[in-house]
Every structure is written in C-alpha cells, then in structure tokens.
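Participant: Residue numbers (the numbering used here): 9 to 511.
We put the beta carbon where it would ideally sit given N, CA and C, even for glycine.
The model shown is predicted, which means the values in this text are computed figures rather than measured ones.
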C-alpha cells in the first residue's frame with residue numbers, strides 16, 4: 009500500500025526543488041529535490057544514531073527554513089512521529105510553559121533544539137552535512153500509521169492534538185492535486201507557517217508528490233514585501249498558492265497604495281488561489297476584483313475552500329465564478345461565501361441548528377490519546393447552511409452572540425463596521441456567555457483617520473437592532489492572531505481589558 013514515505017523515497021528531481029525566500033535576505037536559496045532526499049536520508053541515519061526510534065513522539069516547532077523541512081521529513085521517513093508545535097511568538101517564559109504542558113500531556117520525549125528545555129525532554133539538532141543514498145533507511149510504514157501530529161488552529165488554552173495517518177494525508181493530498189490539476193511543471197508558493205495545516209499540507213507536502221517547483225517564504229517576508237514573489241515568476245507559469253482572506257486583503261491594499269505604478273501582468277501567473285482558513289469577506293473579494301484588470305489577475309483562479317486540521321486540511325471547495333454566483337445572503341442578511349461541495353469521499357451534514365459535522369477518509373479518528381469519534385463524525389464547531397449541495401459557513405459557534413433571539417456572528421458585524429469612513433479593520437469580541445448579548449468592537453483606523461464611534465454604533469444598531477457595549481481603537485498589532493493570521497477574539501478581549509482599553 010502507498011504511504012507518504014513512498015513520496016519521500018522518490019525525491020529525485022535535479023531540475024526542480026524548493027526555493028527558500030528570506031525576510032532578511034534578497035538572495036533566495038535553492039535546494040533540488042534530489043539533494044533534499046539525500047539530506048533527509050542522511051538525517052534519518054543521524055537521528056537513529058541519537059537514539060530516536062520508530063513511533064517516538066518528537067516535538068518540532070516548524071519554521072520556514074531548510075533545517076525544519078529536512079527534520080520533519082526525516083522523522084516521518086524513519087517512522088517516528090513529529091508533533092508540530094507552534095513556534096514562539098510571545099515571551100520565552102510563556103512559550104516554555106506551553107511546551108512543557110504539551111510534552112507532559114502527550115508523552116513527548118524528544119524535541120528539536122530551538123524548543124525550550126523541559127524536564128525529561130531530550131533536545132537534538134540536525135546534521136547539516138549529512139547525506140545518504142541508502143534507500144533502506146526509509147521505514148516501511150502502514151497506511152494506518154500516524155505520519156505526524158498537528159494542532160487545531162489557535163488551540164493554545166486547551167490544545168487539541170490531531171494525529172494524521174498516512175492514508176488520511178494521501179487522501180487529502182490527492183483531492184487537492186485533482187482540484188487544481190497540478191503537474192510537475194506547476195509552481196507552488198506558500199508563505200503560511202508550516203506549523204499550520206494550510207502551510208504544512210497545502211504548502212509543503214502537497215508539492216512533494218509531483219516534485220513541482222516550490223517557493224517557501226516566511227509570513228514576515230510576505231508582509232514586508234507582498235509582491236516580491238510575483239516579480240520573479242514568468243507570467244506564463246502556472247502558480248498555485250494558499251492565500252486566506254487577510255492575505256488577499258493585505259495584498260490588494262498594498263497594490264492599491266502603489267497607485268499607477270503597477271505591472272499590468274504582475275498577478276497573471278496565478279492559476280489557483282486557495283482562499284480559506286478564516287471567513288471570506290465579500291468586501292475583500294470585491295476590492296480584489298476592482299484591482300484585477302490593472303495587475304492581470306484572473307478572478308476565476310480563486311478557489312473558496314473550507315477545512316480544518318481534523319480533516320488533514322481540505323473539506324470543501326468552490327471555484328469562484330462571480331460575486332453574485334459565489335456569495336449569497338445568509339440568515340443575517342449579509343453576503344456569505346460559497347465554500348462549495350465536499351471533496352471526494354468526504355461527508356458533511358448539518359444539524360437542525362446548523363452545527364456542521366464531517367467524516368471521511370481524510371478525517372482523523374479522534375484526538376491524540378483520546379476516545380475515537382462516534383460513528384466517525386467530527387463536530388467541527390462551525391455553524392453554516394447548505395444550498396443545492398454546497399456549503400456556506402456562518403461562523404464559529406463559540407463566537408456567536410445572541411441578540412434579541414437572533415444569532416449573530418462577528419464577521420457579519422465586522423462587514424458593517426468596514427463601511428464606516430476611516431476604518432481599516434475591526435474585530436468583534438463577546439463575553440463567554442453568548443446569551444448575554446454583550447459584544448465589543450476593536451477598530452483599527454486608517455492612517456490619520458478617526459472613525460466616528462456614534463456612526464459605528466448607529467450602523468450596527470440599524471442592521472442588527474443592537475449596539476456594542478464598548479468600542480476601542482488601536483493599531484493592527486492590538487488584534488492578537490494565531491500563527492496563520494486568524495484573529496484570537498477571546499485572547500484579544502482579555503488583553504484589552506487587562507490594559508484598561510475595554511470594560
């Protein structure tokens with residue numbers, strides 16, 4: 009039976025490989041797939057010599073560089089289980105507590121060296137000079153064996169460890185490759201963190217199957233120079249990349265700010281752009297379409313999608329057609345994106361209340377060291393609705409606010425706030441008690457602007473019959489985010505309260 013270790017064993021192309029873009033250097037670093045395969049085998053021998061064995065759980069905080077790519081592939085290749093932790097973004101002490109709690113809870117005995125030292129945890133580094141042509145070092149694993157463990161996005165308070173089996177990984181990757189009609193000549197581009205499912209599976213692993221050219225960039229490089237990659241790629245090449253709503257919005261604003269100094273073919277290389285991981289805003293897509301003719305962007309390259317770590321990555325997909333065809337009015341009356349029908353083999357059903365459940369070959373069987381899913385069904389925690397076999401996501405059930413008996417979602421309110429002059433971005437947060445009806449708005453103003461709080465409250469009140477308990481202003485960094493860019497509403501509300509910015 010085919011496993012992802014067979015993919016790793018076949019890394020042999022000289023003319024194609026991974027190009028690493030750096031946030032601190034203008035010179036990209038290229039590694040061919042043949043060289044990568046040799047490094048992986050060499051590091052399997054290195055890790056074996058250290059005492060790491062098959063099925064050992066090994067903590068790795070994946071960064072976007074050659075060392076981390078080699079280490080995670082070497083661990084998979086030898087049959088060990090890489091446990092993908094979030095890289096440090098806050099204080100050293102906070103990250104140390106996070107790592108210590110996880111390694112104790114999930115019986116992790118080894119950790120790649122940048123992680124903080126914890127009791128009973130053995131640290132190691134890679135061997136940058138290790139090379140090997142010995143194919144026998146790659147373990148023969150079974151489809152049901154765990155390939156790696158990833159954490160559901162933002163699961164810091166109560167970590168949810170998701171074991172991904174080889175069969176699930178391959179099932180999801182096949183669905184992705186069929187969807188975008190990928191070939192060995194396609195170009196992959198990813199700036200999402202490898203510690204996130206969209207970066208690891210969609211950005212890295214899916215491109216190894218056909219060994220197509222891949223460009224990997226840290227998200228800091230994209231935020232610093234969002235158009236950098238597109239200036240280096242010939243416009244006739246077929247580029248495939250994941251790009252959530254926040255990234256599309258950021259790119260559109262960056263290009264719009266450049267005014268007339270735009271290359272009319274800048275984005276013509278884009279063939280497939282996977283937009284998911286967070287709510288897809290009508291306003292974001294509308295602004296991108298307005299800009300499209302000036303930069304050569306083909307709107308039909310957009311693929312609206314829905315997924316989660318528990319399903320390896322992809323659950324549904326919808327090829328964008330037009331604003332009218334790809335959005336519909338949801339229960340709140342605002343435009344909601346069509347994220348499409350389930351990919352091959354996946355079943356998705358909604359309860360009477362709109363709670364979504366998923367099962368299928370790419371869906372996990374249960375959290376690490378936890379009970380198995382009942383009947384194979386996973387409660388996604390999302391609320392949505394179905395029309396003509398296609399899915400529309402309203403939001404996360406935990407983020408829902410009940411106002412006057414109506415269920416409101418933060419993204420709906422944020423769409424209204426975005427219409428107020430001077431608003432660059434906003435975040436709607438609520439108390440743990442959704443039934444209280446209390447919600448708060450953090451507004452990030454455009455440079456030099458001071459949006460009117462009375463107008464914000466009036467617009468929200470006119471649309472939903474309720475007004476925020478309080479409105480606060482702050483810079484973009486006031487919105488705390490996961491490593492993939494998703495806003496952390498509860499954590500942001502707690503932080504604002506601690507700083508006295510909200511009651």
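Tell me, to the nearest whole angstrom, how far the beta carbon of residue 225 is from that of residue 29; I am working on the premise that it is less than 8 Å.
Facilitator: For the purposes of this step, residue 225 is taken as residue 217 along the chain shown, with counting starting at 1. For the purposes of this step, residue 29 is taken as residue 21 along the chain shown, with counting starting at 1. About 4 Å; that satisfies the 8 Å criterion.
Participant: Between 49, 407 and 42, which lies nearest to residue 498 when the distance is taken from Cα to Cα?
Facilitator: For the purposes of this step, residue 498 is identified with residue 490 of the chain shown, where counting begins at 1. Ranking the options by Cα distance to residue 498, first place goes to 407.
Participant: Quick one: Cα of residue 434 to Cα of residue 424, how far?
Facilitator: As a first step, residue 434 must be located in the chain shown, where it is residue number 426. As a first step, residue 424 must be located in the chain shown, where it is residue number 416. Each residue's Cα considered, the two are about 10 Å apart.
Participant: What did DSSP end up calling residue 316 once you bin it into helix, strand or coil?
Facilitator: The sequence position of residue 316 within the chain shown is 308, counting from 1. It is coil, neither helix nor strand.
Participant: So is residue 322 buried or exposed if we call it buried at 16+ other beta carbons inside 10 Å?
Facilitator: For the purposes of this step, residue 322 is taken as residue 314 along the chain shown, with counting starting at 1. Buried is the call here.
Participant: Go ahead and pull the three-state DSSP assignment for residue 292.
Facilitator: For this step, residue 292 is matched to residue 284 along the chain shown. It is helical.
Participant: So, helix, strand or coil for residue 204, using DSSP?
Facilitator: Taking the first residue of the chain shown as position 1, residue 204 is located at position 196. Note: residue 204 maps to coil in three-state DSSP.
Participant: Please list the segments of the beta strand (DSSP E) lying wholly inside the segment 16–65, counting only runs of 3 or more residues, in order along the chain.
Facilitator: Fully enclosed beta strand (DSSP E) runs of 3 or longer: 25–28 and 37–40.
Participant: Write down the C-beta distance between residue 403 and residue 252 rounded to the nearest angstrom, noting that I regard them as a contact closer than 8 Å.
Facilitator: Position 395 of the chain shown, counted from the start, is the residue given in the question as residue 403. Position 244 of the chain shown, counted from the start, is the residue given in the question as residue 252. So it is not a contact: roughly 15 Å between Cβ atoms.
Participant: Pick out whichever of 301, 364 and 223 has its Cα sitting closest to the Cα of residue 260.
Facilitator: The residue you call residue 260 lines up with position 252 of the chain shown. Comparing Cα positions, the closest option is 301.
Participant: Rounded to the nearest angstrom, how far is the Cβ of residue 138 from that of residue 111, given a contact under 8 Å?
Facilitator: Here residue 138 corresponds to residue number 130 of the chain shown, with the count starting at 1. Here residue 111 corresponds to residue number 103 of the chain shown, with the count starting at 1. Going by Cβ atoms, the distance from residue 138 to residue 111 rounds to 26 Å, so no, they are not a contact pair.
Participant: Are residue 418 and residue 436 touching if we call contact CB-CB under 8 Å?
Facilitator: Within the chain shown, numbered from 1, the residue matching residue 418 stands at position 410. Within the chain shown, numbered from 1, the residue matching residue 436 stands at position 428. In this structure, residue 436 lies closer than 8 Å to residue 418 by Cβ.
Participant: Just reading off the alpha helix (DSSP H) that residue 237 is part of, what are its end residues?
Facilitator: Your numbering for residue 237 matches position 229 in the chain shown. Segment 236–240, the alpha helix (DSSP H) holding residue 237.
Participant: Does the pairing of the segment 277–297 with the segment 310–324 give three or more beta-carbon distances under 8 Å?
Facilitator: The segment 277–297 vs the segment 310–324: in contact.
Participant: Restricting to Cα atoms, I'd like to know which of 228, 263 and 182 is closest to residue 352.
Facilitator: As a first step, residue 352 must be located in the chain shown, where it is residue number 344. Checking every option, the nearest Cα to that of residue 352 belongs to 182.
Participant: Give me the Cα-Cα distance between residue 91 and residue 186, rounded to the nearest whole angstrom.
Facilitator: Taking the chain shown and counting its residues from 1, the one referred to as residue 91 is at position 83. Taking the chain shown and counting its residues from 1, the one referred to as residue 186 is at position 178. If you take the alpha carbons of residue 91 and residue 186, they lie about 28 Å apart.
Participant: What is the C-beta distance between residue 54 and residue 135, in whole angstroms, given that I count them as a contact (C-beta under 8 Å)?
Facilitator: Start at 1 with the first residue of the chain shown, and residue 54 comes out as number 46. Start at 1 with the first residue of the chain shown, and residue 135 comes out as number 127. At roughly 4 Å, the Cβ-Cβ gap stays under 8 Å, so residue 54 and residue 135 are in contact.
Participant: Could you work out which residue in 27, 506, 18 and 475 is closest to residue 237 when comparing CA atoms only?
Facilitator: As a working mapping, residue 237 is identified with position 229 in the chain shown. Among 27, 506, 18 and 475, the Cα nearest to that of residue 237 belongs to 27.
Participant: Helix, strand or coil for residue 448, going by three-state DSSP, please let me know.
Facilitator: Taking the first residue of the chain shown as position 1, residue 448 is located at position 440. Of the three classes helix, strand and coil, the one that applies to residue 448 here is strand, per DSSP.
Participant: Mind checking which residues open and close the beta strand (DSSP E) that includes residue 399?
Facilitator: On the chain shown, residue 399 is found 391 positions in, with the first residue counted as 1. Per DSSP, residue 399 belongs to the beta strand (DSSP E) from 398–404.
Participant: Pick helix, strand or coil for residue 273, following the three-state DSSP scheme.
Facilitator: As a working note, residue 273 is residue 265 in the chain shown. Residue 273 falls in the coil class under three-state DSSP.
Participant: Answer with buried or exposed for residue 202, where buried requires no fewer than 16 other C-beta atoms within 10 angstroms of its C-beta.
Facilitator: If you number the chain shown from 1, residue 202 lands on position 194. It counts as buried.
Participant: With 16 other CB atoms within 10 Å as the buried threshold, where does residue 511 fall?
Facilitator: Here residue 511 refers to the residue found at position 503 of the chain shown. With fewer than 16 other Cβ atoms within 10 Å, it is exposed.
Participant: Residues in its own chain within less than 8 Å of residue 163 by CB, not counting five upstream and five downstream?
Facilitator: Translated into the one-based positions of the chain shown, residue 163 becomes position 155. Legend: pLDDT at residue 163 = 42, less than 50; position of this residue unreliable, value from coordinates given subsequently. Hits under 8 Å: none found.
Participant: Classify residue 461 as helix, strand or coil using the three-state DSSP reduction.
Facilitator: Locating residue 461 in the chain shown gives position 453, where the first residue counts as 1. Note: residue 461 maps to helix in three-state DSSP.
Participant: Exposed or buried, residue 150, counting other C-beta atoms within 10 Å across all chains shown (16 or more means buried)?
Facilitator: Residue mapping note: residue 150 aligns to position 142 of the chain shown, counting from 1. Residue 150 is exposed by the Cβ-count criterion.
Participant: Would you mind sorting residue 455 into buried or exposed? The rule is 16 or more other CB atoms within 10 Å of its CB.
Facilitator: Counting from 1 along the chain shown, the entry for residue 455 is found at position 447. Classification of residue 455: exposed, given that the 10 Å Cβ count is below 16.
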